[in-house]
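Position 121, counted from 1, in the sequence shown is what the working numbering calls 126; the numbers after and before it change by one each time, with no gaps.
Right, one structure below, let's go through it.
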Amino acid sequence: MKIKKSIVCLLLVTALLLSITACSKGQSGNAGKAKSDLSQQKNTEDNSKSSNSKKPKLKILTWYAPDVDINNDPTYHDVVERTGYDVEYFMLPADNPGEKLNLEVSGGTVYDILKLAPIDYSRLVSQGIYAQLDDVLATHGKNILNSISEESFQTIRKDGKTYGIPQITERPNIDACLAVRQDILDELSLPVPTDLDGFYSMLKTIKQKKPDMIPYTSDNPFNPIILSAFDLYDAWPERNGEITWYGKLPQMKKYLTFMKKLYDEGLLDKDFSMNKSDTILAKFTSGKAAAMPYGWLRAVGTPEALQKNVPEGKISLIFPLKDENGKAGIVPAGFSLNNVSGVMKKSPNIKHAVSFMDAKLDPKNFTFLTLGEEGVTYKVEDGNKYRPIMPEFTKQRGNAYAYLNGFDEKIYPDMWLARIWRDPSLGEAFETLNNKYDQYAVKPALAYMPPLPAEGKYIQSLNAFVQDTFTQFIMGVKPMKEYDDFLNQWENQGGREITKERNEWYQEQAK
């Protein structure tokens, strides 16, 4: 998802890389134990070298991770020590990674492990590049099988056979809401809206009382908070046992009609079709707009920027609006496949490659390799609240995500929050939104669906076509009577094939 990509991007960009060497357990202790500790450290290093000498050096091709010294990071050195394998990582470039991958594969370069985006994994599986791993996992992958759910494995199997280790997104979470100026609501004696009538009334009153202010600014014809009021949570919901696109449901025409009403009455920013993400943020924090799309990722710096320009400015959150039956919901970010680690069929080290990935998921190693040492890089509060100890967490485990080949799905979603809480304002915003997770979260029908061929062929151009056309409906450039013609075009531009393909995948998962 777009927002999910933004989250990952922020985490990568904000990571601070310092070149340090992680301290081994044998190095800790007081001065009186120094000689004993040094001896223990030497024995550990000697044992590690002896263990490594019996194992092959593994070559791993992984996707791009910015600002990571992939073969000289503290996590890298700990991975080598804990697994007993000498490994060398090779990273795909940020630009045109698929082109580089194709050159590597077609040129005959052999890697032991390929950690790739799902779309690249699917393509290489169809080309027969990967080794089948079912038998090897049964004998050398007990930690992998104990850590990763059957549901996750099912998303990446081909013809019932396993060719990779799936890594889903870390934690499904509500990442979207609307921000509204609470100080303006207080001034006008308005409540924070919870349904469509309340939302419209709020915008209408702001327009009447503050004619120079934009009641609601946006950069997109879609907004999940407003879509909720029309029972439109999932873009590809299940209806009567089949998957359909929500644009084909009658509620979508009602949604577009409502948005057109906002536009016609000056309640929706007249420039929404030209706005960018930074544009709407600037309009809101400068005091020109009263409400905008928001989320926990955007919370960093936004309240401070608003108060700098509008000292009395305060922010409240608008959660998914209730429909006429009092129901509200939103599909969380994070029900998706992040990457897949497979072993090349030509690798001479198939069992060792699986053993290496399995060792990282050994309970004795996983928490240490992911978070570091408790009391040094992280702490645990109230049983399962993982919090970073800064700046040591970022120094020693800021790039740990780059070394994952799947994770323990039972505990890592909570552990992952330590990364979020490196910025307390980010952690607080995340917690505020997700305290209401059980109230609003709707699991998508196509959760963890991998990239499919028709999607890869059509989805980008089809999404652009939908966004452009819906914008035209809202602005009145296209009359709503042409909606059926639009649906026919949607079908003919790939929608029919995508729908068929997704239904086939959905039915296969239901077996």
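The beta-carbon is built from N, C-alpha and C at its ideal position, and this holds for glycine as well.
So if DSSP puts P298 in a beta bridge, which residue, or which two residues, is it bridged to? Translated into the one-based positions of the sequence shown, residue 298 becomes position 293. P298 is bridged to L183.
In terms of alpha-carbon separation, which member of K62, K120, L302 lies closest to E5? Residue numbering for the chain in the displayed model covers 6 to 516; residue 5 lies beyond these limits and cannot be assessed.
Just the C-alpha distance for I416 and K281, rounded to the nearest angstrom, thanks. Numbered from 1 along the sequence shown, position 411 holds the residue referred to as residue 416. Numbered from 1 along the sequence shown, position 276 holds the residue referred to as residue 281. If I take the Cα positions, the gap works out to 37 Å.
For Q465, the nearest candidate out of G499, L492, V482 (CA to CA): Working through the sequence shown from its first residue, we reach residue 465 at position 460. Ranking G499, L492, V482 by Cα distance to Q465 puts G499 first.
Should W68 and A122 be called a contact, given that it needs their Cβ atoms to be closer than 8 Å? On the sequence shown, position 63 is the one that residue 68 refers to. On the sequence shown, position 117 is the one that residue 122 refers to. Going by C-beta atoms, W68 is nearer than 8 Å to A122.
Relative to the C-alpha of K147, which candidate in D363, L467, A423, D419 has its C-alpha closest? On the sequence shown, position 142 is the one that residue 147 refers to. The shortest Cα separation from K147 among D363, L467, A423, D419 belongs to D363.
With distances taken Cα to Cα, identify the nearest neighbour of K516 among L232, I189, G246, P449. For the purposes of this step, residue 516 is taken as residue 511 along the sequence shown, with counting starting at 1. When each option's Cα is compared against that of K516, the closest is G246.
Can you find the residues in the same chain that come closer than 6 Å, C-beta to C-beta, to L366, ignoring five residues on each side of it along the sequence? Here residue 366 is taken as the residue at index 361 of the sequence shown, counted from 1. Hits under 6 Å: N148, I149, S152.
For the putative contact between F373 and Y383, defined by C-beta atoms under 8 Å, what is the C-beta separation to the nearest angstrom? Residue 373 sits at position 368 when you count from the first residue of the sequence shown. Residue 383 sits at position 378 when you count from the first residue of the sequence shown. F373 to Y383, Cβ: 10 Å. No contact.
Residue of A99, L232, V141 minimising C-alpha distance to Y445: The residue you call residue 445 lines up with position 440 of the sequence shown. Among A99, L232, V141, the Cα nearest to that of Y445 is on L232.
Just the C-alpha distance for K523 and P393, rounded to the nearest angstrom, thanks. Not covered by the structure: residue 523. The range shown for the chain is 6 to 516.
Quick one: using the 10 Å Cβ neighbour count with 16 as the cut-off for buried, is K64 buried or exposed? Locating residue 64 in the sequence shown gives position 59, counting from the first residue. Looking at its Cβ environment, which holds 16 or more other Cβ atoms inside 10 Å, K64 is buried.
Does the beta-carbon of Q517 have 16 or more other beta-carbons within 10 angstroms, so that it is buried, or is it exposed? Only positions 6 to 516 of the chain appear in this structure, which leaves residue 517 out of reach.
Could you check if P171 is buried or exposed, using at least 16 other CB atoms within 10 Å of its CB as the buried criterion? Within the sequence shown, residue 171 is the residue found at index 166, counting from 1. Classified as buried, P171 has 16 or more neighbouring CB atoms from the shown chains inside 10 Å of its CB.
Ignoring anything shorter than 4 residues, give me the alpha helix (DSSP H) runs that lie fully in the segment 354-440, in order along the chain. 355-365, 368-376, 397-402, 417-420, 422-425, 429-439, all fully within the segment 354-440.
Roughly how many angstroms separate the alpha carbons of C182 and V381, rounded to a whole number? Locating residue 182 in the sequence shown gives position 177, counting from the first residue. Locating residue 381 in the sequence shown gives position 376, counting from the first residue. Computed Cα separation, rounded: 35 Å.
With distances taken from CA atoms, which of M297, D200, D83, K400 is nearest F235? Within the sequence shown, residue 235 is the residue found at index 230, counting from 1. Comparing Cα positions, the closest option is D200.
Given 8 Å as the limit, is there contact between the segment 478-494 and the segment 263-279, that is, 3 or more CB pairs closer than that? yes
Pick helix, strand or coil for V130, following the three-state DSSP scheme. Working through the sequence shown from its first residue, we reach residue 130 at position 125. Here V130 sits in helix by DSSP.
Would you give the residue range spanned by the beta strand (DSSP E) that S346 belongs to? Here residue 346 corresponds to residue number 341 of the sequence shown, with the count starting at 1. Element bounds for S346: 342-348.
For the segment 308-319 against the segment 287-294, do three or more pairs of beta-carbon atoms, one drawn from each stretch, fall closer than 8 Å, so that the two count as touching? yes
Could you spell out the range, first to last residue, of the alpha helix (DSSP H) harbouring Y442? Position 437 of the sequence shown, counting from 1, holds the residue named residue 442. Taken as a continuous stretch (DSSP letters only), the alpha helix (DSSP H) holding Y442 covers 442-445.
Mind checking which residues open and close the alpha helix (DSSP H) that includes I230? Against the sequence shown, residue 230 aligns to sequence position 225. Residues 229-232.
Beta-carbon separation of T160 and M454 under 8 Å? Translated into the one-based positions of the sequence shown, residue 160 becomes position 155. Translated into the one-based positions of the sequence shown, residue 454 becomes position 449. Yes, the pair counts as a contact, with Cβ atoms nearer than the cut-off.
Give me whichever residues DSSP pairs with E247 in a beta bridge. Working through the sequence shown from its first residue, we reach residue 247 at position 242. In DSSP, E247 forms a bridge with R244.
According to DSSP, what are the bridge partners of V115? For this step, residue 115 is matched to residue 110 along the sequence shown. Note: V115 is not bridge-paired with any residue in the DSSP secondary-structure output.
Report the residue from D72, P71, E93 whose alpha carbon sits nearest the alpha carbon of Y81. Translated into positions along the sequence shown, residue 81 becomes position 76. Comparing Cα positions, the closest option is E93.
Nearest to D83 (by Cα), restricted to the options Y238, P242, Q401: Looking up residue 83 in the sequence shown gives position 78. Answer by Cα proximity: Q401.
Excluding the 5 residues flanking D419 on each side, which residues of the same chain have their C-beta closer than 7 Å to its C-beta? Locating residue 419 in the sequence shown gives position 414, counting from the first residue. The answer, listed in chain order, is N389, Y391.
Leaving aside the five residues before and after G252 along the sequence, list all residues of the same chain whose C-beta is less than 8 Å from its C-beta, in chain order. The sequence position of residue 252 within the sequence shown is 247, counting from 1. Excluding positions up to five away in sequence, the list reads V471, L492, W495.
Three Cβ pairs or more, each shorter than 8 Å: is that satisfied between the segment 91-105 and the segment 337-347? no
In whole angstroms, what is the alpha-carbon distance linking E155 and F371? The residue labelled residue 155 in the question sits at position 150 within the sequence shown. The residue labelled residue 371 in the question sits at position 366 within the sequence shown. About 20 Å.
Would DSSP call P102 helix, strand or coil? Locating residue 102 in the sequence shown gives position 97, counting from the first residue. Residue state, collapsed to three classes: helix.
Taking just the CA atoms, how far does E509 sit from K163? Locating residue 163 in the sequence shown gives position 158, where the first residue counts as 1. Locating residue 509 in the sequence shown gives position 504, where the first residue counts as 1. Each residue's Cα considered, the two are about 13 Å apart.
Span of the beta strand (DSSP E) holding E93? Walking along the sequence shown from the start, residue 93 turns up at place 88. Element bounds for E93: 92-96.
Note down, in chain order, each residue of its chain lying with its Cβ closer than 8 Å to the Cβ of T210, except the 5 sequence neighbours on either side. For the purposes of this step, residue 210 is identified with residue 205 of the sequence shown, where counting begins at 1. L193, L195, listed in sequence order.
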